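Accompanying notes for the structure given below.
2 protein chains.
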Amino acid sequence: MVSERGLAVLRAIVQDYVASREPVGSKTIVERHAFGVSAATIRNDMALLEEEELIAAPHTSSGRIPTDKGYRVFVDQLSEVRPLSSAQRHAIETFLGESSDLDELLARTVRLIAQLTGQLAAVQYPSFSTSRVRHVELVALAPERVLCILITDSGQVEQRLAELAVGVDEETLARLRGRLNEVAAGRTLAEAATALSGELDSADPRHAQLLHTLATTLAEQARVQRGDRLVVAGAANLVRTEQDFAGSILGVIEAIEEQVVLLKLFGEMAADQHGVSVSIGRENAPFGLAETSVVTSPFAIAGRDVSRLGVVGPTRMDYTTSMAAVRAVARYLSRTLGEH
Amino acid sequence: MVSERGLAVLRAIVQDYVASREPVGSKTIVERHAFGVSAATIRNDMALLEEEELIAAPHTSSGRIPTDKGYRVFVDQLSEVRPLSSAQRHAIETFLGESSDLDELLARTVRLIAQLTGQLAAVQYPSFSTSRVRHVELVALAPERVLCILITDSGQVEQRLAELAVGVDEETLARLRGRLNEVAAGRTLAEAATALSGELDSADPRHAQLLHTLATTLAEQARVQRGDRLVVAGAANLVRTEQDFAGSILGVIEAIEEQVVLLKLFGEMAADQHGVSVSIGRENAPFGLAETSVVTSPFAIAGRDVSRLGVVGPTRMDYTTSMAAVRAVARYLSRTLGEH
DNA sequence: ATTGGCACTCGACGTATCCGAGTGCCAAGC
DNA sequence: GCTTGGCACTCGGATACGTCGAGTGCCAAT
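Residue numbers (the working numbering), protein chains in the order written: chain A, 96 to 435; chain B, 96 to 435.
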């Protein structure tokens, strides 16, 4: 139904509305875009677009604003993702390049995205369910306090303190260390957890209790997915766009702080495999984020898509910029982490 | 100059204003507090208080609101810190009691404070400048990639990856491990850093480069004060009180995200040694937080005051509740961490 | 299909008005 | 010498109203 020009009008409306925050009228469009037709013609097209529920008028005789559906069409069909400027690309290289470890890299990443997009940014910690145990280290802080350190082949380190009922000497600890490494090393975290549980049965009865404590500690540790954590930055950006939220911004802030909500949302978006995905307005209603849009992209460690990063902002956000920045940073990250 | 009753009036004004968010007039006071005098008398007292700049009128012929100075007097002289309800005390015990490690304990702590006070809460990571090195562990992930793990007697674990120009075999690594432990173990982090630097000179030339890398890595690691990190929770609470900030809440959010600002402020408040300290409104102007008040308390690990926790909120905050909650949680934390 | 014209709508904005809470002051009273 | 009731005064907030203008929908003409 909607003509070629009609879609161009939709694109113009989205762009102008995002830029000006005000309903855009037919006159504004012919002024700011070279359509070569009169305002009346644009009005006819707009009537069509309104019928298709791609745009809406806040009240009779006002300009139009895009609906969620309108944004969807814009994102899917009308926006070409233009690459970042060389300055921005350079910023990514220099700002992320000097990171020393994963924690710092992700912390810098999330701040960078927030800065590039002017939105709230979030990076999901990589889930290491497919990474393998490289080494298990046991350090006695006291005879009955043993620090268990788990090192994976993705360079991740997890530590946990085990409190034992009876003390253990260095020699025994060395034996246990050897045994645990034998059992766990080279396996995925999940496999290692299972194997460790099985190991309990064949344990030297004298150290059963000790081994049990250590094994369950390590097993639990292995079970913990770091993928259930988010790093967030740019809350100030969210507050800055507060007036874009008709309802309160409170729910959004709470959802961000809660993390679980956002993580679920990230999880759902993982279905869309290839590249950047966008979830718009009411599409997020199940998560209590009906007025926000989320732009995310997966990124990979060692070639495996393990996690997501993205931005959260008002439905009326600059999708083009957000998508470009999210895509670029995700790619850079995948490239850097792929070298591991 | 200000009579006994005058101070009582100030207390009433602070309490009513905090509760109602509206300038409080003489009539309201006689209604809600049993002063046994008429509104006219209260008005006389209020004129006195205004002369002393303890209260102010937003405009002619409106009720009065406390000034920063008024809040200061209220906090210092007029508010008795009433202990928490048993339910709240119970909440602290149960909510914090089940924490397994320091990270989780602090994460739970900050959420608890935010919940108890309805303000934004922050906990400074303990600074371990006075804690001692218990153990240094080196783990070769690859011949030229060595993971350095530093364990302190306060149970803190720091890890860092060292990239070496030339590979190192297990045997050499074991020797180095022994040497580093000899040098560093038992010393404070600062001492260890110095000692490690000195050790470089007497190094076996063959491994000079290797040792240098490891030593500087560890030294830098030791130098890093974890006290320069904050855990924050309850941003939603800050947004909820947004209307209490005449200027924008943006600066506050930015300061919180920046962390450095808040950490400096925490540092300054450390001067006031005994228990809860409060910094009000313009007292925070150097930090760009002229409209906010900060309530903090130190807490101790192993008997040493090492860090602070507190809340940040509008000048018009419930100081009594905030102070009580901050004090109670800090005490609980000190008690729990003192057992280490 | 496009266009200019035109009546119509409705929110934004400025002005005038009213209302009431609250003050300051004063003279009278305990 | 405090305290109190009375009273005039002030000022912000709410309400009502008129004006203005951007923008629309529709229609007849091209």
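C-beta atoms are modelled at their ideal positions from N, C-alpha and C, and glycine is treated no differently.
Keep in mind the model is a prediction, meaning the values are calculated, not measured.
Asked	Found
Nearest candidate by alpha-carbon position, reference residue 240/A, set 264/A, 227/A, 228/A, 252/A	264/A
Within-7 Å CB hit, residue 230/A to chain B	yes
Counterpart residues of residue 245/A in DSSP-defined beta bridges	231/A, 253/A
Status (buried if at least 16 other CB within 10 Å, exposed otherwise) for residue 407/B	buried
C-alpha gap between residue 384/A and residue 365/A, whole angstroms	18 Å
Residue 334/A and residue 245/B closer than 7 Å at C-beta	no
In DSSP terms, what residue 394/B is bridged to	402/B
Cα-Cα separation, residue 361/A to residue 347/B	29 Å
Residue 108/A and residue 150/A closer than 7 Å at C-beta	yes
Min CB distance residue 435/A to chain B below 7 Å	Confidence at residue 435/A is low in this model, with a pLDDT of 49, below 50, so its placement is unreliable and no value can be given for it.
Range of the contiguous beta strand (DSSP E) that encloses residue 261/B	Segment: none, residue 261/B is in no beta strand (DSSP E) and carries neither H nor E.
The segment 178-193 of chain A contacting the segment 151-167 of chain A, beta-carbon criterion three pairs below 8 Å	no
Cutoff 6 Å; reference residue 158/B; Cβ partners in own chain excluding five residues on either side	118, 119, 120
Residue 222/A, DSSP secondary structure in three states	coil
Three-state secondary structure (DSSP) of residue 381/B	helix
Distance, residue 412/B Cα to residue 116/B Cα	10 Å
Cut-off 7 Å between Cβ atoms - residues of its own chain near residue 147/B, not counting five sequence neighbours on either side	96, 97
Three-state secondary structure assigned by DSSP to residue 208/A	helix
Below-7 Å beta-carbon distance, residue 432/B vs any chain A residue	no
Residue burial classification, residue 252/B (beta-carbon count within 10 angstroms, cutoff 16)	buried
Which residues DSSP lists as bridging residue 408/A, in chain order	388/A
Nearest residue (CA-CA) to residue 222/A, options 323/A, 405/A, 103/A	323/A
Cross-strand partners of residue 217/A (DSSP beta bridge)	327/A, 405/A
Same chain, Cβ closer than 7 Å to residue 427/A, five either side skipped, listed in chain order	187, 191
Residue burial classification, residue 356/A (beta-carbon count within 10 angstroms, cutoff 16)	buried
Listed by chain order, chain B residues near residue 196/A by CB distance under 9 Å	254, 255, 256
Closest Cα partner of residue 134/A within the set 141/A, 128/A, 122/A	122/A
Assumed close pair residue 177/B, residue 415/B - CB separation to whole angstroms, cut-off 8 Å	7 Å
Distance between residue 397/B and residue 435/B (C-alpha atoms, nearest Å)	With a pLDDT of only 49 at residue 435/B, under 50, the local geometry of the prediction cannot be trusted, and the value read off the model is given with reservation. Computed Cα separation, rounded: 6 Å.
Residue 388/B versus residue 373/B: straight-line alpha-carbon distance, rounded	7 Å
Test: residue 396/B CB closer than 7 Å to a CB of chain A	no
Under 9 Å (Cβ pairs) to chain A, residues found in the segment 323-336 of chain B	328, 329, 330, 331, 333, 334, 335
Residues within the segment 115-140 of chain B neighbouring chain A, beta-carbon criterion of under 8 Å	none
Inter-residue spacing [alpha-carbon to alpha-carbon] between residue 271/A and residue 277/A	10 Å
Residue 374/B: first and last residue of the uninterrupted beta strand (DSSP E) it sits in	372-374
Chain B within 7 Å of residue 286/A, Cβ atoms only	no
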